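Novice: Before I ask anything, let me first share the structure, which is written out below as structure tokens.
Numbering (the working numbering), first residue to last: 164 to 449.
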């Protein structure tokens, strides 16, 4: 048995979006949406390795130690959608498809065999799933707006992410060294809320969101409930600044990896936890 001590995944997304609007009816407009994303991802994991595990290529008994995995890659994705708008009623309905993004992760494992093979170059494939999001908003009273969205994310395509040796030596090329057992289920995110325009420059909004668990028992991605509050400052029609905060609840659950690890598996219970986030963004229209 070997257990993760620390695990981090860092990603950066550089996106470019554009849209084209044309008249559809007396008061409405139809809009085509599209964009591309350039993404960078880095993964890190440390694991405690018990004495004698795994087997040393030279048959030497390894002591207790920590193994480290570091991988990274870059890739491209795209999105395409459509929207219908009636500005007079602040009505807007849209649907957007986000493509899958495939990574050919490359990196190293260190500490697995502390003496015989100090560094093992590895590679593996991973995919960020595609998604479909539907959004709707409409005016409900002077200066009041109601909005909601439903998003489906195809997380069930993510089963396991194996990493294979890429260098000739004591370990055969192509041998699986380690991997992540995830076996996610599809994710659903449902959100709804209201917004109020205070004056020509300031607006405020609040929302409630439910994010369905993607875990099937191997990870801690359980249901998440969040309450969001935000404000928008728009000094003119072309520029705006958004400030938003979120507080919420990550629900309790159980992790059980015995079905993938056999007798070396474990069962762990965890309690509810707090989640929070703060974001600021700016948008320039031209």
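Beta carbons: idealized from backbone N, C-alpha and C, even for Gly. None of these values were measured; they are calculated from a predicted model.
1. Give me, in chain order, the residues of the same chain whose beta-carbon lies closer than 7 Å to that of residue 315; leave out the 5 immediate sequence neighbours on both sides.
2. Who are the near neighbours of residue 206 in its chain, counting only those whose CB is closer than 6 Å to its CB and skipping five residues on each side?
3. Using 8 Å as the threshold, is the C-beta distance between residue 230 and residue 200 below it?
4. Can you find the residues in the same chain that come closer than 6 Å, C-beta to C-beta, to residue 232, ignoring five residues on each side of it along the sequence?
5. Note down, in chain order, each residue of its chain lying with its Cβ closer than 6 Å to the Cβ of residue 381, except the 5 sequence neighbours on either side.
6. Measure the Cβ-Cβ separation of residue 244 and residue 259 and say whether it is below 8 Å.
7. Can you round the beta-carbon distance between residue 370 and residue 354 to whole angstroms, since I take them to be within the 8 Å contact cut?
8. Output the distance between the C-alpha atoms of residue 192 and residue 287, rounded to the nearest integer angstrom.
9. Reducing DSSP to helix, strand and coil, say where residue 164 ends up.
10. Sorted by chain position, which residues of the same chain lie with C-beta nearer than 6 Å to residue 282's C-beta, five sequence neighbours on each side aside?
11. Quick check on the burial criterion: 16 or more other C-beta atoms within 10 angstroms. Buried or exposed for residue 411?
12. Could you work out which residue in 405, 414 and 415 is closest to residue 445 when comparing CA atoms only?
13. Have a look at residue 358 and residue 338 and give me their C-alpha separation to the nearest angstrom.
14. When burial is assigned at 16 or more other CB atoms within 10 Å of the CB, is residue 399 buried or exposed?
15. Quick check: the Cα distance between residue 319 and residue 363, rounded to an integer number of angstroms?
16. Confirm, please, whether the CB-CB distance from residue 210 to residue 450 is below 8 Å.
17. Mapping the DSSP letters down to three states, classify residue 334 as helix, strand or coil.
18. Taking the beta carbon of residue 434 as the centre, do at least 16 other beta carbons fall within 10 Å, making it buried, or is it exposed?
19. First and last residue of the beta strand (DSSP E) that includes residue 207?
Specialist: This is what the structure gives:
1. 294, 295, 349 and 351
2. 172 and 234
3. no
4. 208 and 272
5. 344, 346 and 420
6. yes
7. 6 Å
8. 45 Å
9. Below a pLDDT of 50, predicted positions are generally treated as unreliable, and residue 164, at 49, falls in that range; the measurement from the model is reported next regardless. Three-state DSSP puts residue 164 in coil, outside helix and strand.
10. 271 and 273
11. buried
12. 405
13. 55 Å
14. exposed
15. 45 Å
16. Missing from the structure shown is residue 450; the chain here goes from 164 to 449 and no further.
17. coil
18. exposed
19. 192-212
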